[in-house]
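8 protein chains.
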Amino acid sequence: MIENVKPKVLVVMGSDSDFTVVKECLKTLKQFDIEFTAEVCSAHRTPEEASALSRNAESNGYELIIAAAGKAAHLPGVLAAFTALPVIGLPIKSSTLDGMDSLLSIVQMPPGIPVATVAIDGALNAALLAIQILSVKHEFLRAGMKQYKENMKKKVNQKNENLKDLIEKEI
Amino acid sequence: MIENVKPKVLVVMGSDSDFTVVKECLKTLKQFDIEFTAEVCSAHRTPEEASALSRNAESNGYELIIAAAGKAAHLPGVLAAFTALPVIGLPIKSSTLDGMDSLLSIVQMPPGIPVATVAIDGALNAALLAIQILSVKHEFLRAGMKQYKENMKKKVNQKNENLKDLIEKEI
Amino acid sequence: MIENVKPKVLVVMGSDSDFTVVKECLKTLKQFDIEFTAEVCSAHRTPEEASALSRNAESNGYELIIAAAGKAAHLPGVLAAFTALPVIGLPIKSSTLDGMDSLLSIVQMPPGIPVATVAIDGALNAALLAIQILSVKHEFLRAGMKQYKENMKKKVNQKNENLKDLIEKEI
Amino acid sequence: MIENVKPKVLVVMGSDSDFTVVKECLKTLKQFDIEFTAEVCSAHRTPEEASALSRNAESNGYELIIAAAGKAAHLPGVLAAFTALPVIGLPIKSSTLDGMDSLLSIVQMPPGIPVATVAIDGALNAALLAIQILSVKHEFLRAGMKQYKENMKKKVNQKNENLKDLIEKEI
Amino acid sequence: MIENVKPKVLVVMGSDSDFTVVKECLKTLKQFDIEFTAEVCSAHRTPEEASALSRNAESNGYELIIAAAGKAAHLPGVLAAFTALPVIGLPIKSSTLDGMDSLLSIVQMPPGIPVATVAIDGALNAALLAIQILSVKHEFLRAGMKQYKENMKKKVNQKNENLKDLIEKEI
Amino acid sequence: MIENVKPKVLVVMGSDSDFTVVKECLKTLKQFDIEFTAEVCSAHRTPEEASALSRNAESNGYELIIAAAGKAAHLPGVLAAFTALPVIGLPIKSSTLDGMDSLLSIVQMPPGIPVATVAIDGALNAALLAIQILSVKHEFLRAGMKQYKENMKKKVNQKNENLKDLIEKEI
Amino acid sequence: MIENVKPKVLVVMGSDSDFTVVKECLKTLKQFDIEFTAEVCSAHRTPEEASALSRNAESNGYELIIAAAGKAAHLPGVLAAFTALPVIGLPIKSSTLDGMDSLLSIVQMPPGIPVATVAIDGALNAALLAIQILSVKHEFLRAGMKQYKENMKKKVNQKNENLKDLIEKEI
Amino acid sequence: MIENVKPKVLVVMGSDSDFTVVKECLKTLKQFDIEFTAEVCSAHRTPEEASALSRNAESNGYELIIAAAGKAAHLPGVLAAFTALPVIGLPIKSSTLDGMDSLLSIVQMPPGIPVATVAIDGALNAALLAIQILSVKHEFLRAGMKQYKENMKKKVNQKNENLKDLIEKEI
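In structure tokens:
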């Protein structure tokens, strides 16, 4: 019975400073009852660990990898090289170039090795994309995602209500 | 027996001119024995059709959507709004701005509605990402993907051999 | 008698956080005695509401739509898809890429569905453009706009006077 | 009876080389039965003529101005300075920077003087935006625009049909 | 005797908020004993005043114009259209796009009407360029410029000395 | 009698491949009866020659330097370092980055050493700016420049006439 | 006697299509009598081979690595991760984004793992930088480099001569 | 005995304000027991000193030059013009354009004169690249670099441990 086993995701960040952004991703995975392991691991400073993480991810029961990195953000692409699992790339904005370097280094992958890229600092979307991908197999996640979308609608509608008050006061 | 049913992918392109690029995506899906339907459908010119395609995709048996679009490329995001299926966005380079507009319009999705973005004109990678995502459920695709990666290695190695000859001749 | 009826504008923002910028737009519409409704409505989180807002705008008496959005700012284009009313797009600068993503996602609309785009965070200009467009029909707005332009000149001239003092003091 | 008078549009291009792009705009205006005058007039080489064109546009019966220009594309903004009519800016791609200079010079107008900007080389959209703006007053244009949108849908649907054949042949 | 008459420069800024940057330009002109008039004048809000300023600049005894502006910075180009005097353009960084819009709007002038562009926020260089241009005629400015360059060298050398101390302390 | 001596301009290009663009600059200088010397000289490959050219320019009777260069275009700035003459920088578009590298390398000069920058590949404007600068001293050039501006107007007006025919035929 | 052993360089390109650009690099290495091995090896398609090449480079007698790659160009950074040898990165311009993606993916390496980056498509400079680096140890290369620089000067001077003829004919 | 002599590096910064960034470079050189001289010297304000520094660097016993500069950052290229030593360029982010101007001015060097460019504000990497280059000759630096890489791994692993705690607390 597949659904007895929780889906497992491997989350790798290139630097511990990425945690501030990645936190929202982890919280969302947890909220959807997805098991995850998070690692600080660098494509450049710990390349052996990076390739090992990726090479063993499938046999360790992970179904998907999320990789966050900034600047010349090679981590998602490097992980993708060593696995047939889907890899989500999360570009982190660092102190120069406003995140453009991270984005291009992740999204412009050459033919053969795709990385599913989300927005710069888009940690929530990295988690939601993971959930959507895993929901191809795990029905409870599909259901959860639909519920999540319903809740978003309610929140937008609530904000819309609040706006009316705000306008009355401020305009 | 899940594997008796072929995985089905919906491929939508914003303009028929995108077909030149998208073709490689379709060929790759076919090569992996994935069933697909391809549609020309515009987020702006045929918005009702676009939302209907997406809203009904799951019940029509599709497990994933690939959307290709250029310029202010809203199609992937708009489709993602109407479904809980994973959506892959393929930015198409058009006649100005070298594809940067297509890329940013697709990848910079706001929190809540992710689009899995691949490189500009990265049609092959859109297909391979689809395969990797579907392989979370369909084991034969995981196996196929591994084989594909092996073949890529062989091709690179073959090209490496050819290079030696080339160097002998030209350097 | 057309001029008995106040012109009505629909203002839609993709997120309630856009209100800080959009406020100046609303104030200016009010100052010109234009009736408006402001809504928080997302092309991605509440797509049904977005299309309904736009589809019904004309029959609800709106003559023009202003849509503000950031990042992959699809809202203006999506609204434009569902109406024959003119749509003004206001790109909002968010936390990465300095507004370039919002701008390109709004202005680079494909052939067939234009969005009248103003500057990034150009909330005042969104309002003034609305007034200029509505003044094609509503003569009092044309007159108001001319007065507004005269006042701007006076303000610039006043600032020019102040500059002379400033220079005397500081240079 | 307002509808007896054809709506009149002034189309100004900064250089005669822009005509190749602007042509599609003029054809579309004609197709919608809008009267237009087209002028080559430069904000920099013939500034007196430019300001005169704009200053007199309203009294000459024009209801809207379309201005096309490339590089440091000041023409739309300069025309907007001299009139209360709505001004549509059409950025033309020239030989360097892929149209980014034209776009930013037109869209980033300072507070007070908006220009309704369309996509780089978006001549068709400049015309359609003009039609949508004029339709605020001229009902036959609103009707025409709705028809146009219906036709676009049909064309997309037709292209969708053709795609099926194409796929059968080429994939 | 030409040198009896002080050279006169017209400095125009598009907004009084530019004064913070332009101040350094004015101070430098004063330090070189150049007479200047500074005006707040907008190409878009006070276009008549702008063209008058430029058209009369030569007969009013100005030998050169410096124009500072931000965003779609048309002021330098517009002034250049109405005069045969050399015009220096100073792009001002505003709140979005990091000054790229100001720079391109000023430097990418079309053939026929050049603007001598300096760096974004380069107020000092605008003054120094003015001095170098005027020194073609006014010998005392050539001499002053040479002295200024000598002083810069001394300052750099002094900073170099200070660096040695700094390194001793901090490294 | 100052006007007996022809004004002299030094034109330096970083590579002989720049000549294709620079040619129009030289033709325009000749047309205005300005004496010029043109040199291929590289800031990087022949730095001694470059500094010598610049250091001796004033004593060799040159009143102004025009420097054209592409990529990391240091030549204008390097020449400006060695002279108190005004230096005009002409960025040349080369095979990558669409001229953005050339432009930024020339225009973003640090405080103290300005370069009067014109548009990418703006060879005509480099010449016209030189003429405007020299006309501060040489009255015949001021007169010539005014005549040139008049001719431009006539040409634009002529093109405007031609447009009417074109429209009759093609629209 | 160190100079008895030829310096050895490992040249790796991410795709055989890079050979067109890299060729000039190889020819230059050969011309300076540097022994080299050239490999097609991809950080993504053949990651094991890439890391092995780099890990064994030092023990195989290589003193330096040159790596050429396009798009999300991870190869130079990935090789740098596995070796203490200096790595030169050569960004290759591919079909979109004009080489900006390749450049940023190579040059923006995170702290700890530098890549010595040269210009986009700068194959000659990759070779010359290698020679300058190796000349820290190999004296004959220092001498060769000085000779090369002298020859460049002569070529520039020769081109300068040719320019005079060209000007006589064409201006 | 070569290893008795400490390797010597010349570090030049274009402005004393660069010291804040460059400090980390100097500390790292010191930590590796490399002798260095640091100079404030400007390619534009003190060009004679700059060329002298570079021209004499080899005979003064330097084996490599590191040059840091911002904006139109010519210093690394100018130094490279006067020496056959390898030159490392360190682009400094200044107040506009987010460091893109500095980067392009340094990395896009024309054929013949390479500069080994590192990331914007990448002071640590400038030092490490210097060490890797010098280690071609100086064996103790190769050993030191390997040790440094080992330490980096340990630090990343330590951070990875810390992450587990952080996640326990915050997620």
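Going line by line, the protein sequences match chains A, B, Z, S, U, P, C and V. Note that my numbering gives residue 1405 to position 111 of the first sequence, counting from 1, and the numbers run on in steps of one. Note that my numbering gives residue 1317 to position 23 of the second sequence, counting from 1, and the numbers run on in steps of one. Note that my numbering gives residue 1305 to position 11 of the third sequence, counting from 1, and the numbers run on in steps of one. Note that my numbering gives residue 1414 to position 120 of the fourth sequence, counting from 1, and the numbers run on in steps of one. Note that my numbering gives residue 1382 to position 88 of the fifth sequence, counting from 1, and the numbers run on in steps of one. Note that my numbering gives residue 1427 to position 133 of the sixth sequence, counting from 1, and the numbers run on in steps of one. Note that my numbering gives residue 1429 to position 135 of the seventh sequence, counting from 1, and the numbers run on in steps of one. Note that my numbering gives residue 1298 to position 4 of the eighth sequence, counting from 1, and the numbers run on in steps of one. Ideal Cβ positions, reconstructed from N, Cα and C, are used throughout, including at glycine.
Along the chain, where does the alpha helix (DSSP H) containing residue i start, and where does it finish?
i, result
"F1434 (chain V)", "E1433 to E1464"
"T1314 (chain V)", "F1313 to Q1325"
"E1352 (chain S)", "Segment: none, E1352 (chain S) is in no alpha helix (DSSP H) and carries neither H nor E."
"D1395 (chain S)", "M1394 to V1401"
"L1369 (chain P)", "L1369 to A1375"
"L1418 (chain V)", "A1417 to L1428"
So the beta strand (DSSP E) residue i belongs to, where does it begin and stop?
i, result
"L1470 (chain P)", "In the structure as shown, chain P starts at 1295 and stops at 1465, and residue 1470 (chain P) therefore has no counterpart that could be examined."
Taking residue i as the query, report the chain P residues whose CB atoms sit under 7 Å from its CB, ordered along the chain.
i, result
"E1357 (chain U)", "V1430"
In the DSSP assignment, what residue or residues form a beta bridge with residue i?
i, result
"I1364 (chain C)", "The displayed chain sequence assigns Gly, not Ile, to residue 1364 (chain C). C:I1386, per the DSSP bridge assignment."
"T1411 (chain V)", "C:T1411 and V:G1383"
"V1334 (chain V)", "V:M1307"
"I1359 (chain V)", "V:L1304 and V:V1381"
"E1343 (chain B)", "According to DSSP, E1343 (chain B) bridges with nothing at all."
Anything in chain V within Cβ reach of residue i, meaning under 8 Å, just list it in chain order.
i, result
"K1365 (chain P)", "Q1402, M1403 and P1404"
Counting only Cβ pairs nearer than 9 Å, list the residues of chain B close to residue i.
i, result
"G1416 (chain Z)", "Residues of chain B passing the Cβ test: none, with the nearest at roughly 18 Å."
Is the CB-CB distance between residue i and residue j below 8 Å?
i, j, result
"A1337 (chain A)", "G1308 (chain A)", "yes"
"S1348 (chain U)", "F1376 (chain U)", "yes"
"A1378 (chain P)", "V1409 (chain P)", "no"
"K1387 (chain V)", "S1396 (chain V)", "yes"
"A1362 (chain A)", "L1384 (chain A)", "yes"
"L1423 (chain B)", "P1380 (chain A)", "yes"
"N1445 (chain B)", "P1405 (chain A)", "no"
"I1407 (chain B)", "G1371 (chain B)", "yes"
"V1305 (chain A)", "C1319 (chain A)", "yes"
"T1390 (chain C)", "I1328 (chain B)", "no"
"D1392 (chain V)", "D1312 (chain U)", "no"
"I1427 (chain U)", "L1369 (chain U)", "no"
"E1462 (chain P)", "K1317 (chain S)", "no"
List the residues of chain S that residue i touches, going by C-beta distances under 7 Å, in chain order.
i, result
"T1407 (chain U)", "For clarity, residue 1407 (chain U) is Ile in the given sequence; the question names Thr instead. Under the 7 Å cutoff, chain S gives H1338 and R1339."
Can you list the residues of chain V that residue i reaches, using a CB-CB cut of under 7 Å?
i, result
"A1375 (chain P)", "A1337, H1338 and P1341"
"V1306 (chain P)", "Residues of chain V passing the Cβ test: none, with the nearest at roughly 14 Å."
Anything in chain U within Cβ reach of residue i, meaning under 9 Å, just list it in chain order.
i, result
"A1413 (chain Z)", "K1365, A1366, T1390 and D1395"
Applying a beta-carbon distance threshold of less than 7 Å, which residues of chain C neighbour residue i?
i, result
"A1332 (chain P)", "L1457 and I1461"
Quick one: which chain C residues come within Cβ less than 9 Å of residue i?
i, result
"A1362 (chain V)", "In chain order: nothing, as chain C lies at least about 14 Å away."
Which chain A residues are close to residue i, counting only those with a beta carbon under 9 Å from its beta carbon?
i, result
"S1353 (chain C)", "None at all; the shortest Cβ gap to chain A is about 17 Å."
List the residues of chain Z whose Cβ lies closer than 7 Å to the Cβ of residue i, in chain order.
i, result
"V1303 (chain B)", "The premise fails here: V1303 (chain B) is roughly 22 Å from chain Z at the closest Cβ pair, so nothing lies under 7 Å."
Check the Cβ of residue i against every Cβ in chain P and list those closer than 9 Å, keeping chain order.
i, result
"V1299 (chain V)", "Residues of chain P passing the Cβ test: none, with the nearest at roughly 29 Å."
**Prompt:** In chain order, what residues of the stretch 1377-1403 of chain P put their CB closer than 9 Å to some CB of chain C?
**Reply:** S1389, T1390, L1391, D1392, M1394 and D1395
**Asked** Listed in chain order, which residues of the stretch 1311-1330 of chain A have Cβ atoms closer than 8 Å to some Cβ of chain V?
**Response** F1313, K1317, L1320, K1321 and K1324
**Message:** Which residues of the stretch 1421-1453 of chain V have a Cβ closer than 7 Å to any Cβ of chain C? Give them in chain order.
**Reply:** L1422, L1423, Q1426, I1427, L1428, S1429, V1430, K1431, R1436, M1439, K1440, K1443 and M1446
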